[in-house]
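Shown next, in structure tokens, is the structure this report addresses.
Residue numbers (our numbering), protein chains in the order written: chain A, 1 to 338; chain B, 1001 to 1281.
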């Protein structure tokens, strides 16, 4: 049953994935100026440019070029990065865990902070926590993520000296743990390297916090709203009338139902997080795919940028799919209407 | 706006000092954008004193790594930052509202094609797509504006589409149809004017996002070229100095950015209260 649902949803996501491929292709072909002349370099003769044009397949029709592009994609060929000299795909695969670890930790923080804030605010409407929630929801969306990151660096690294220098995933003396998941926090624990784990945790805290703060606001606002609606519903009154303790009513009954709208906003939250991730990675010199794309952009090295945009598009579509399935797991009523 | 709706607006504003504050801040920002470059005490792109001076009476926001006055740069940057955001939002307002309204009004294939286009844009994290567009079209300010407009497109389409489709069978639309007016005439003369208030709220809300988007793009080194004063690039310039304790270079442009976004968000919420009292929070 569940498998059938997954297959159906996956099929529904296919046109979107196709759209991602088409957009990435169009972005490749819209390179500024003449790509052939660009790749040939400024000193190239006319014949050399023509030769490169044929080599790149730019003399063919757009349809043929698209077929060629699909063939390359099927082989996992995203082109070569001029800056690193490596295939873009292997660069991205090597750097993806760093970005994923950062984004997931930020999401975890944002979800914990946002949901508890939203619940507490809804329990006492117009109390001081509710007002705090309102202020955070208003100010949080105004914060440029890169600016929050810099402020945190100033306070916790320069003023207080609590955080390590914002330069990458580990301090200079630690070696990366043996590769299992690519997540340093998990790998170091698996290898039993306490020192490496502490270093990785110290390095990731500030960037994850700066990224997460950005997402606390929408989560807190939605949780508060849906929690308020649920708390005034009949089944909560019934649970209270049965003499259940306040804690049971709030956590086991109200929160479970109030989380449904929160799950649906996760898609939007991920769009924010994945975008802001690029900025945070630049601020903290985090060796993920965002900073990879930024470095390539500055060097006018376009293949990594396009590979990055496509990877992010794919990831985002799959994340939305996962959120959709999660929603079905939490709310079985969806099965009936689907 | 009629006298009655003006009175209504005044009534809502008087009960909501926050919105009045937002209107005040908005006027201040626009005034700074227009007059700022003429009023600043120092040339924003030339050295005005010793480098890396902390804030003082002479340089209220200090000086940056090459001795330029940060205060003058923050003020002078207002025009470029607001200009980029206004331009982007103007483009997406015109294109997004029109296509969205057409999709909702005509339905059928028009609706399906426009919807698919919007979905495809939504398939990317928006900032990432904006990066890709700037990379593809070329690293200029114009392309930052275009990219910001494109990533906001689905939002406008979606709202305009919903609003237009609920008005498709409204009495005044039927009346216009019975009077013999063509579909295009009905779309432009009956549907679109009715969408304007709700779209204006969206304009204000997306202005804040557009400023963040443009500043984020220039923070990673796209579009705006140094030495032009712009908030995002100024924060980027201050990023290396903040590690050695010179906080003022990044702080003030960052604060300016926050205030601008804050103003537009407040303004959007306030406008929504005036236009659509049911959604008041």
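Beta carbons: idealized from backbone N, C-alpha and C, even for Gly.
Cβ pair residue i, residue j closer than 8 Å
i, j, result
"residue 339/A", "residue 309/A", "For residue 339/A there is no data in the structure shown, the boundaries of chain A being 1 and 338."
"residue 121/A", "residue 108/A", "no"
"residue 1130/B", "residue 1148/B", "yes"
"residue 1257/B", "residue 1211/B", "yes"
"residue 1089/B", "residue 1263/B", "no"
"residue 1086/B", "residue 312/A", "no"
"residue 273/A", "residue 215/A", "yes"
"residue 1081/B", "residue 1239/B", "no"
"residue 1065/B", "residue 1051/B", "yes"
"residue 198/A", "residue 286/A", "no"
"residue 1283/B", "residue 1076/B", "The shown model of chain B, from 1001 to 1281, leaves out residue 1283/B, and the question about it has no answer."
"residue 1101/B", "residue 1160/B", "yes"
"residue 1127/B", "residue 135/A", "no"
"residue 1188/B", "residue 1095/B", "no"
"residue 210/A", "residue 167/A", "no"
"residue 1059/B", "residue 1069/B", "yes"
"residue 226/A", "residue 269/A", "no"
"residue 92/A", "residue 280/A", "no"
"residue 317/A", "residue 13/A", "yes"
"residue 1038/B", "residue 1079/B", "no"
"residue 1150/B", "residue 1114/B", "no"
"residue 1201/B", "residue 1112/B", "no"
"residue 1155/B", "residue 1146/B", "no"
"residue 979/B", "residue 1164/B", "Examination of residue 979/B is not possible in this model, given that chain B is present from 1001 through 1281 alone."
"residue 282/A", "residue 271/A", "no"
Buried/exposed call for residue i, threshold 16 Cβ in 10 Å
i, result
"residue 218/A", "buried"
"residue 1281/B", "Its pLDDT being 47, under 50, residue 1281/B is placed unreliably in this model, and the value from its coordinates should be taken loosely. With fewer than 16 other Cβ atoms within 10 Å, it is exposed."
"residue 124/A", "exposed"
"residue 1053/B", "buried"
"residue 99/A", "buried"
"residue 1005/B", "exposed"
"residue 1167/B", "buried"
"residue 258/A", "buried"
"residue 320/A", "buried"
"residue 246/A", "exposed"
"residue 224/A", "buried"
"residue 233/A", "exposed"
"residue 415/A", "As shown, chain A starts at 1 and ends at 338. That puts residue 415/A outside it, with no answer to give."
Beta bridge counterpart(s) of residue i as assigned by DSSP
i, result
"residue 1063/B", "1069/B"
"residue 80/A", "87/A"
Between the CA atoms of residue j and residue i - distance to the nearest angstrom
i, j, result
"residue 174/A", "residue 164/A", "13 Å"
"residue 1227/B", "residue 1045/B", "6 Å"
"residue 19/A", "residue 1117/B", "8 Å"
"residue 252/A", "residue 1084/B", "49 Å"
"residue 185/A", "residue 202/A", "10 Å"
"residue 303/A", "residue 187/A", "31 Å"
"residue 148/A", "residue 156/A", "12 Å"
"residue 231/A", "residue 111/A", "20 Å"
"residue 1249/B", "residue 1233/B", "11 Å"
"residue 137/A", "residue 220/A", "7 Å"
"residue 72/A", "residue 58/A", "15 Å"
"residue 1020/B", "residue 1266/B", "10 Å"
"residue 1182/B", "residue 256/A", "52 Å"
"residue 97/A", "residue 194/A", "20 Å"
"residue 103/A", "residue 207/A", "9 Å"
"residue 162/A", "residue 1061/B", "27 Å"
"residue 336/A", "residue 5/A", "Model confidence at residue 336/A stands at a pLDDT of 45, short of 50, so the residue's coordinates are unreliable and nothing is read from them."
"residue 1197/B", "residue 1275/B", "6 Å"
Min CB distance residue i to chain B below 8 Å
i, result
"residue 142/A", "yes"
"residue 253/A", "no"
"residue 65/A", "no"
"residue 213/A", "no"
"residue 193/A", "no"
"residue 153/A", "yes"
Below-8 Å beta-carbon distance, residue i vs any chain A residue
i, result
"residue 1189/B", "no"
"residue 1247/B", "yes"
"residue 1032/B", "no"
"residue 1152/B", "no"
"residue 1069/B", "no"
"residue 1208/B", "yes"
"residue 1050/B", "no"
"residue 1115/B", "no"
"residue 1125/B", "yes"
"residue 1063/B", "no"
is_contact[residue i, chain D] using C-beta, thresh 8 Å
i, result
"residue 227/A", "Among the chains of the structure shown, chain D does not appear; the protein chains present are A and B."
Cβ-heavy atom distance, residue i to the ligand GTP, below 7 Å
i, result
"residue 66/A", "Absent from the structure shown: the ligand GTP. Ligands present: none."
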